[in-house]
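**Student:** Residue numbers (our numbering): 19 to 285. Below is the structure I would like to discuss, written out as structure tokens.
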Ligand code: PEP
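What follows is the structure, given as structure tokens:
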């Protein structure tokens with residue numbers, strides 16, 4: 019029997035859906051999951067709305083007692099104070115968020131998020147009792163040079179060298195090659211597996227078997243219901259971080275059901 023971590027399918031809505039659209043989406047999505055008899059024990063499902071929609075998602079999830087998770091797409095590194103426009107980890111935790119995306123390539127590109135800032139975000143998320151979804155992955159340039167694995171592992175290492183084992187085992191890592199995000203160019207199942215395996219081995223060497231075997235490593239980059247099945251069959255791919263396809267409730271529910279029906283679990 020192949021032992022698996024409980025997979026996670028997380029939808030990153032980016033800057034899409036106001037709170038009314040978010041409520042409409044989650045209503046339809048929950049109905050689709052119920053209609054298709056999705057077994058929530060077999061797959062964690064998370065939605066990552068804009069800050070302005072988190073409260074609406076929370077109200078819907080709690081009032082319908084849905085086993086759906088949700089979180090945010092970024093967080094401030096500071097706890098409170100004169101930081102206009104920022105949102106703290108404690109504020110997100112108070113809304114019932116259980117995870118926060120940290121270091122997404124779009125944040126690294128459009129905001130001053132360097133390695134030090136990303137470590138501080140990870141720490142802030144962990145301290146507030148949530149899980150960071152740490153995004154790493156090479157650009158097309160690094161892939162052309164054949165250094166994609168070293169690059170992705172290096173980005174993980176830049177964060178984990180400042181964490182202890184208890185913190186590290188609560189990470190979720192998303193391997194998202196930048197060239198695959200929103201482009202329709204998906205990594206092959208083998209290259210997603212190679213990256214996830216390399217990251218897991220680095221966790222094993224840096225920390226322990228316990229940490230390496232516990233951390234979920236997601237693949238992200240143009241995942242659809244067409245390619246999800248081959249990707250999720252890889253041993254070290256524990257689910258997906260999904261952008262474009264997470265804006266379509268039918269498509270997201272379809273991917274969740276593909277993941278839920280794959281393999282046996284070690285949870
Ligand atoms: C993402 O933004 O994290 C992502 C993977 O986007 P897409 O699925 O659209 O490539």
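No residue lacks a Cβ here, since even glycine has one placed at the ideal position from N, Cα and C.
With residue 29 and residue 264 assumed to form a contact (beta carbons below 8 Å), what rounded beta-carbon distance in angstroms separates them?
**Tutor:** Contact holds; Cβ gap of about 3 Å.
**Student:** Starting from residue 154, follow the alpha helix (DSSP H) in both directions and report where the run begins and ends.
**Tutor:** Premise fails: residue 154 lies in the beta strand (DSSP E), 149-154, not in any alpha helix (DSSP H).
**Student:** What number of angstroms, rounded off, separates the C-alpha of residue 39 from the C-alpha of residue 73?
**Tutor:** So the alpha carbons of these two residues sit roughly 13 Å apart.
**Student:** Give the straight-line distance between the Cα atoms of residue 91 and residue 151, rounded to the nearest whole angstrom.
**Tutor:** Their backbone Cα atoms lie some 9 Å apart in a straight line.
**Student:** Alpha carbon to alpha carbon, how far is residue 252 from residue 222?
**Tutor:** C-alpha separation (whole angstroms): 18 Å.
**Student:** Given a threshold of 16 other Cβ atoms within 10 Å of its Cβ, counted over all protein chains shown, does residue 162 qualify as buried or as exposed?
**Tutor:** Burial call: exposed.
**Student:** Provide the residue span of the alpha helix (DSSP H) that contains residue 128, from first to last.
**Tutor:** Residue 128 -> alpha helix (DSSP H) spans 123-128.
**Student:** Along the alpha helix (DSSP H) that carries residue 27, what are the first and last residues, could you check?
**Tutor:** Unbroken run through residue 27 is the beta strand (DSSP E), 26-30; no alpha helix (DSSP H).
**Student:** Pick from 114, 112, 113, 107: whose alpha carbon is nearest that of residue 120?
**Tutor:** For residue 120, the nearest C-alpha among the options comes from 107.
**Student:** May I have the straight-line CA-CA distance separating residue 116 from residue 170, to the nearest angstrom?
**Tutor:** Going by the C-alpha atoms only, they are around 25 Å apart.
**Student:** Spatial neighbours of residue 278 within its chain, please: CB distance less than 7 Å, with the 5 preceding and 5 following residues excluded, ordered by chain position.
**Tutor:** Closer than 7 Å at Cβ, skipping near neighbours: 56, 57, 60, 61.
**Student:** Should residue 240 be listed as close to the ligand PEP, given that the test is whether its C-beta is under 6 Å from any heavy atom?
**Tutor:** For the ligand PEP, at least one heavy atom lies less than 6 Å from the Cβ of residue 240.
**Student:** Please list, in chain order, all residues of the same chain as residue 269 whose beta carbon is under 8 Å from its beta carbon, the five residues on each side excluded.
**Tutor:** Closer than 8 Å at the Cβ level, and outside the excluded window around residue 269, lie 242, 243, 263.
**Student:** Could you tell me how far apart the beta carbons of residue 105 and residue 69 are, in whole angstroms, since I believe they sit closer than 8 Å?
**Tutor:** Correct: roughly 6 Å between the Cβ atoms.
**Student:** Near residue 285, what residues of its chain come up, given a Cβ to Cβ distance below 6 Å and the 5 sequence neighbours on each side ignored?
**Tutor:** Any answer about residue 285 is weak, because its pLDDT of 42 lies below 50 and its placement is not dependable; what the coordinates show is given next. The answer, listed in chain order, is 24.
**Student:** As a quick exercise: from 218, 226, 102, pick the residue whose alpha carbon is nearest that of residue 192.
**Tutor:** Answer by Cα proximity: 218.
**Student:** For a test of your reading of the model: does the CB of residue 261 fall under 6 Å from any non-hydrogen atom of the ligand COA? Yes or no.
**Tutor:** This structure does not include the ligand COA; its bound ligands are the ligand PEP.
**Student:** Do three or more CB pairs link the segment 142-151 to the segment 124-133 at distances below 8 Å?
**Tutor:** Because the criterion of three Cβ pairs below 8 Å is not met, the segment 142-151 and the segment 124-133 do not touch.
**Student:** What alpha helix (DSSP H) runs, 4 residues minimum, are completely inside the segment 60-94?
**Tutor:** Segments of the alpha helix (DSSP H) lying fully in the segment 60-94: 69-81.
**Student:** Using the Cβ count rule (16 or more neighbours within 10 Å means buried), how would you classify residue 20?
**Tutor:** Per-residue confidence for residue 20 stands at a pLDDT of 44, beneath the threshold of 50, marking its modelled position as unreliable; the derived number appears in the next sentence. By the neighbour-count rule (16 or more Cβ atoms within 10 Å), residue 20 is not buried but exposed.
**Student:** Span of the beta strand (DSSP E) holding residue 120?
**Tutor:** Note, residue 120: beta strand (DSSP E), 117-120.
**Student:** What distance in whole Å lies between the Cβ atoms of residue 250 and residue 276, which are believed to be in contact at a cut-off of 8 Å?
**Tutor:** Residue 276 to residue 250, Cβ: 7 Å. Contact.
**Student:** Should residue 267 go down as buried or exposed, given a rule of 16 or more other Cβ atoms within 10 Å for buried?
**Tutor:** The residue in question, residue 267, is buried, as its Cβ has 16 or more Cβ neighbours within 10 Å.
**Student:** Does DSSP classify residue 236 as helix, strand or coil?
**Tutor:** Looking at residue 236 - three-state DSSP - the assignment turns out to be strand.
**Student:** Cβ atoms of residue 85 and residue 31: under 7 Å apart, would you say?
**Tutor:** Cβ atoms of residue 31 and residue 85: not closer than 7 Å.
**Student:** Rank 238, 177, 181 by C-alpha distance to the C-alpha of residue 198 and give the top, closest one.
**Tutor:** Considering only alpha carbons, the answer is 238.
**Student:** Could you pull out every residue in the same chain whose Cβ sits closer than 7 Å to the Cβ of residue 208, ignoring the five residues on either side in sequence?
**Tutor:** None.
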